[in-house]
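From first to last, the protein sequence lines stand for chains A, B, C and D.
Be aware that the first sequence starts at 10, since it is given in our numbering, and climbs by one per residue.
Be aware that the second sequence starts at 13, since it is given in our numbering, and climbs by one per residue.
Be aware that the third sequence starts at 107, since it is given in our numbering, and climbs by one per residue.
Be aware that the fourth sequence starts at 4, since it is given in our numbering, and climbs by one per residue.
We put the beta carbon where it would ideally sit given N, CA and C, even for glycine.
Remember, it's a predicted structure, so these values are computed and weren't measured experimentally.
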Amino acid sequence: MGVIHGEEMVLNIGPQHPSTHGVLRLRVKTDGEIISEITPVIGYLHRCFEKHCENVTYDQVIPYTDRCDYLAAMANNFGYVVAVEELMELKVPEKVEYIRVIMAELQRIASHLLALGVYGLDIGAFTPFLFMLRDRERILDIFELTCGARLLYNYMWVGGVSHDLPKGFVETTFQFLDYFEPQIDEYNKLLTHNKIFVERTADIGVLPADVAISYGVSGPNLRASGVKWDLRRNAPYSIYDKFEFDVPVGDGAKGTLGDCWDRYYVRMLEVKESVKILRQALAQIPKEGDVHQALPKKIRPPKGSIYSRTETPRGDLGFYIESDGSPIPSRVKMRSPAFTALSVLGEIAEGWMMSDVISILGSLDIVLGEIDR
Amino acid sequence: MSADQEKLIAELVEKGLAGDMEPINAIEDRVLRSKAKAALAKAKRAAKVAAASAPAEEKPAEEPPSDNPNQKFGKMIEDKFPGSLDADLNDTHIQLKPDNWFDIATWLKSEPALHFDSLQCQTGMDLGENILEARYNLHSMTHDHMIEIRIAVTRDKPNIPSIEQIWRIGDWFERETYDMFGFHFDGHRDHRRMLLPEDWEGYPLRKDYEVQETYHGIIVPKVKQGWE
Amino acid sequence: MGLLENRFQDNVVVAKLDKLIGWARSTSPWYFQFGLACCAIEMMATAASRHDLERLGMMPRSSPRQADVMIVAGTVTMKMALRVKKLYEQMADPKYVIAMGSCATSGGPYWQHGYHVLKGVDIVVPVDVYVPGCPPRPEALIEGLLKLQEKILEERPLTRKMA
Amino acid sequence: MTVDTLFTWLGGLIPAMEGSGTLLVIAILIPCLVLFLVVAVNAIVMVYAERKVAAFMQDRLGPMGQGVGLHAGKWGLLQTVADALKLLTKEDIIPEKADKLLFILAPFMIFVGAFVAVIAVPFGETVIVADFNIGIFYILAIGSMGVIGLILAGWSSNNKWSLYGGMRSAAQIVSYEIPAGLSIIVIIMLTGTLSMQGIIQYQEGGLFNWIIFANPFTFVAFFIFFISVVAETNRTPFDIPEAESELVGGFHTEYSGMRWSFFFLSEYANMLVVSAVASAGFLGGWHSPIPGYFDSNGWGIFWMMSKIVFLIFVMMWFRWTFPRLRVDQLMNICWKVFLPISLINIFGVGFWTLIFG
């Protein structure tokens with residue numbers, strides 16, 4: 010590992026560390042508190058997703074996509090299923106599209122809640138984390154109501170969804186939204202405008218827009234740097250063009266544009282937008298229609314390849330699927346947004362202090378299951 | 013199957029090809045409906061294959077200025093770097109030779125009209141008979157168009173110039189593709205395995221990959237003794 | 107505790123002492139946050155407000171030295187297996203392991219084609235309680251923890267065991 | 004119940020040993036034993052209270068003793084007793100490369116620093132172990148001995164995280180001693196004596212005679228003292244030395260079993276000492292807020308303990324709401340904010356007493 014300088018200390022923020030959001034190792038060169046060099050080492054959760062995709066049929070891959078980004082399982086299903094349907098040019102009934110958008114937006118709220126809560130935990134505030142998890146539990150109840158699972162659902166199938174909406178689903182979700190909206194202001198009071206929290210996050214880990222694009226960063230991290238890029242708006246898939254919502258972009262309110270506070274606040278605003286989408290979707294959802302109607306008996310997409318992207322809570326989730334006409338995909342490559350977000354850490358976290366590196370890592374909101382696939 | 017059922021399915025397939033699925037879905041008898049659907053799917057596939065081969069002949073006849081990005085930019089690459097194309101253009105991708113891929117990539121990024129500033133995804137492929145292929149999906153944030161570039165190399169000489177200086181995310185994408193397939197990206201500053209441990213043998217995503225027996229004394233293969 | 111371990115004949119006093127030590131250890135098993143994958147999120151949800159782990163006296167500790175129970179929550183891969191073994195050895199003595207989820211128990215959904223996945227954490231560390239599920243529900247994890255508390259209660263550290 | 008009154012009283016009881024050395028030793032040992040019990044029980048109750056307060060603030064139940072087998076009390080009351088017993092029977096790991104002697108010595112240094120300071124704390128009119136005439140000065144001096152223990156712990160466990168924790172704690176505690184000391188000077192300027200009983204006597208006669216309401220400068224001095232004392236006992240928002248999310252365990256990463264619980268014990272002993280000083284110095288010690296009532300000797304202990312418990316509750320309240328500061332921000336606040344203000348306070352109090360007499 011080369012010559013270790015006298016005063017510099019090589020430190021492993023090791024695979025097991027309270028705030029690395031899973032099994033990520035940061036090999037850090039520090040002298041005193043200042044970090045001079047960071048090299049993330051990943052692969053501790055490499056579960057051979059792509060090898061599995063080459064050995065199981067199209068619809069058996071769906072549970073594996075759940076387990077890639079286990080914080081936003083619905084969004085992963087959605088991404089994979091949209092890609093396969095695009096490959097097969099399969100048209101899905103209206104009601105299924107609405108159900109998928111509702112589930113994806115609920116999942117976005119749940120994932121952002123946990124991301125914001127854990128970020129507060131990294132900075133040292135314990136209580137917001139538990140408040141946000143308590144509200145996330147209510148969303149998990151709604152998911153449990155529909156498909157019986159709490160975290161990993163295997164809910165969206167190619168051509169439809171596994172279970173139709175239960176009776177009273179729309180009312181319970183409306184009840185949740187009415188309960189949830191005032192909670193967001195409570196979080197803002199508790200954490201967002203908290204003087205110490207702002208002190209710890211403003212002007213820290215600034216990610217300029219061009220660096221972000223060159224590193225392929227996407228999602229809230231990119232929007233916090235001022236780039237208005239949201240797949241639901243720029244390249245609408247499914248029926249996102251039916252809803253009107255605006256895309257929150259960082260504006261450097263509490264410090265320079267693209268700092269940790271912006272990334273945090275953009276996620277908070279996105280939760281509000283998702284609530285807006287949910288209200289519209291729940292109002293317009295067609296009552297009748299069979300969700301199993303368009304389920305193809307045998308999924309054999311024609312020979313060819315497709316690259317399709319969807320907007321998950323962490324960014325652009327891309328699926329490159331190559332099919333040779335047989336029911337088993339010949340190659341599925343998952344382009345994970347957290348993978349690109351982590352690659353930026355080496356660039357923006359150098360020169361900061363130890364506690365800032367943890368804060369920057371938390372603000373990027375990475376999930377190791379998706380990075381290591 | 014009685015004659016009139018066959019006739020019924022035939023004209024249903026005509027309607028299906030024309031695009032409206034209502035009559036097929038309207039049949040109550042499940043067996044008949046699934047037969048009709050299968051027939052329709054077969055007919056569709058036949059039509060698609062015919063369509064795919066159709067443009068091949070009429071393309072040399074005259075050059076339709078098709079707005080498909082792959083075609084358009086493929087031609088631009090052909091004019092700028094003659095002889096770099098590996099196969100004739102089609103709608104899905106641009107096939108390139110590996111040798112001057114670095115200058116094409118810098119040009120693709122710096123050219124204001126193209127301005128492909130974000131490398132969306134890089135995929136490795138094992139096409140069998142020792143051909144490895146690296147596929148790049150490039151996307152431009154400003155013009156919002158997307159192309160796919162494929163570079164095929166053989167297993168014994170898998171060298172592709174690395175583009176990690178141009179798109180910084182290429183650094184990690186290429187390391188992962190090397191880790192999984194065994195490409196060699198010349199000029200890559202940190203050419204190490206990305207996901208697997210340093211001392212892992214073999215390249216897992218190759219079709220003919222055999223799992224190693226033990227790793228640091230732990231039995232790796234899928235079945236422990238006495239399980240099966 | 108090394109000196110006192112299984113040194114005494116089994117009589118009333120020692121039995122009562124055993125019960126007291128067993129009670130103390132089973133009432134406050136501090137767990138070592140060992141979140142690897144999806145089960146870690148479910149473990150966090152169990153430790154949060156609705157199913158509160160603190161009710162059972164379990165406090166999350168981030169350093170192996172102060173933890174008694176290691177909940178292996180998630181898929182253990184080959185690269186991570188050596189770390190799991192090393193961390194297990196760092197823990198102070200009466201230590202227990204709970205394999206949470208089917209990945210930690212037997213490799214879970216990745217057992218067939220997962221070349222990089224360890225087929226069960228009991229290859230590297232001795233496991234006390236296996237909690238099935240992918241991910242196991244919070245109630246299942248709490249049931250696993252209660253099972254572990256029962257097991258700790260029955261342990262007789264002081265009485266000499268028939269070697 | 005100071006030591007010398009106890010000594011004379013015992014001398015009267017057993018005339019044979021009147022004035023002999025052994026009697027003096029006994030007279031010293033009994034109050035120290037009582038004090039040790041007070042500190043230990045306080046630590047156990049405070050650990051339980053902290054977990055319950057944290058739980059109720061976070062909308063959950065906290066230790067309810069609902070585990071299997073014998074219950075841990077009705078509302079988990081015996082939870083901390085179980086924790087202590089379990090920690091007693093844990094394996095005691097001393098890392099091989101650690102500096103063995105310092106590693107063993109560190110927790111006791113911290114605990115001694117906190118425990119010895121409790122001797123001078125007045126819990127009532129006569130309920131004090133040793134009424135020094137330099138009471139408050141003695142407490143501050145002994146209190147700062149704990150820092151050495153922290154640095155020793157950080158250095159001797161030969162672990163990079165503990166080294167970080169040790170260095171950070173050295174910087175933080177030493178620098179927060181100064182604003183705390185300066186705000187104590189404000190009290191001494193008003194009361195004229197260093198002895199704790201003297202300070203409290205000065206504040207007799209109801210709520211508005213307390214030093215905190217003496218003049219605006221002492222009001223500010225109280226808050227500066229309280230915040231810098233929170234920093235001295237490593238409590239959030241200043242818990243940087245054992246930052247849970249950054250430095251795994253901070254300076255006590257390598258400690259396990261009973262040795263580790265000494266850190267826990269001394270943290271609560273420290274909290275007891277500093278909130279006692281704060282309530283004795285600023286909040287009128289064992290005087291009752293209403294001038295006439297409940298002022299007899301027995302009630303004194305009640306008032307003193309209620310003020311201490313209230314201040315400890317506020318510290319716990321801080322812990323579960325505030326995020327954590329960064330090291331340089333912490334230094335910034337101490338040297339650039341607290342120090343100038345406490346100097347202005349001293350000047351202000353001097354000026355105020357000059358004018359208003």
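With a 10 Å radius around the Cβ and a threshold of 16 neighbouring Cβ atoms, Pro18(D) comes out exposed. Scanning the stretch 91-176 of chain B from its first residue to its last, the whole alpha helix (DSSP H) runs of 4-plus residues come out as 113-122. Two segments are said to touch when three or more pairs of C-beta atoms, one from each, lie closer than 8 Å; by this definition the stretch 284-297 of chain A does not touch the stretch 84-103 of chain B.
By the neighbour-count definition (other C-beta atoms within 10 Å, threshold 16), Ala292(A) is an exposed residue. In this structure Met170(D) is buried. Its beta-carbon is surrounded by 16 or more other beta-carbon atoms within 10 angstroms. Chain C has no Cβ within less than 8 Å of the Cβ of Lys100(D). Taking the Cα positions, Ser247(A) is about 14 Å away from Asp239(A). For the 8 Å CB-CB criterion, Lys89(D) and Ile97(D) do not form a contact. For a Cβ distance threshold of 8 Å, residue set Thr133, Ser134 and Gly163 of chain C lies close to Gln82(D), ordered along the chain. The beta carbons of Ala120(D) and Ile139(D) sit no closer together than 8 Å. Straight through space, the alpha carbons of Thr265(C) and His202(A) are spaced by roughly 58 Å.
Around the beta-carbon of Asp268(A), 16 or more other beta-carbon atoms lie within 10 Å, marking it buried.
The Cβ atoms of Asp78(A) and Val341(A) do not sit closer than 8 Å to each other.
For Ile337(A), there is no enclosing alpha helix (DSSP H), as DSSP marks it with neither H nor E. One finds Arg329, Val330 and Asp331 in chain D with Cβ atoms closer than 8 Å to the Cβ of Met362(A), taken in chain order. Counted as a single uninterrupted DSSP element, the stretch harbouring Pro72(A) is not any beta strand (DSSP E) but the alpha helix (DSSP H) occupying residues Tyr67 to Asp75. In this structure Ala210(C) is in contact with Val182(C), their Cβ atoms being roughly 6 Å apart against a cut-off of 8 Å. If you compare the alpha carbons of Gly207(C), Met165(C), Trp217(C) and Val223(C) with that of Glu245(C), the shortest gap goes to Gly207(C). Rounded to the nearest whole angstrom, the CA to CA distance from Val71(D) to Gly226(C) is 28 Å. What Ala153(C) touches in chain B, judged by beta-carbon distance under 8 Å, is nothing: the nearest beta carbon there is about 30 Å away.
Within the stretch 91-167 of chain A, complete beta strand (DSSP E) segments of at least 3 residues are not found at all. Under DSSP, Phe193(B) takes part in no beta bridge, so it has no partner. Check the Cα spacing between Gly41(A) and each of Val330(D), Phe354(D), Ile349(D) and Trp213(D): the tightest is with Val330(D).
Note: Asp325(A) is bridge-paired with Glu320(A) in the DSSP secondary-structure output.
With contacts defined by Cβ atoms closer than 8 Å, Ala84(A) and Arg56(A) do not form a contacting pair. DSSP places Leu35(A) within a strand segment (E or B) once states are collapsed to three. For Thr129(D), there is no enclosing beta strand (DSSP E), as DSSP gives it neither H nor E. The shortest C-alpha to C-alpha distance from Ile304(D) to any of Phe126(D), Ala279(D) and Leu314(D) is the one to Phe126(D). Classified as buried, Ser174(B) has 16 or more neighbouring CB atoms from the shown chains inside 10 Å of its CB. Non-local beta-carbon contacts of Tyr148(B) in its own chain, meaning distances under 6 Å to residues more than five positions away in sequence, involve Gln134 and Ile161 in chain order. At the C-beta level, Ile369(A) and Leu351(A) stay beyond 8 Å of one another.
Under DSSP, Thr226(B) takes part in a beta bridge, and its partners are Ile231(B). Cβ neighbours of Asn21(A) within its own chain (closer than 8 Å, five residues either side excluded): Arg34, Leu35, Arg36 and Val37. Nearest CB-CB separation between Pro124(B) and chain C: not below the 8 Å threshold. Only residues of its own chain outside the window of five on either side were considered, and among them Trp136, Tyr137, Phe138, Arg167 and Met197 have a CB closer than 7 Å to the CB of Ala173(C), listed in chain order. Spanning the alpha carbons of Phe350(D) and Ile358(D) requires a straight line of approximately 12 Å.
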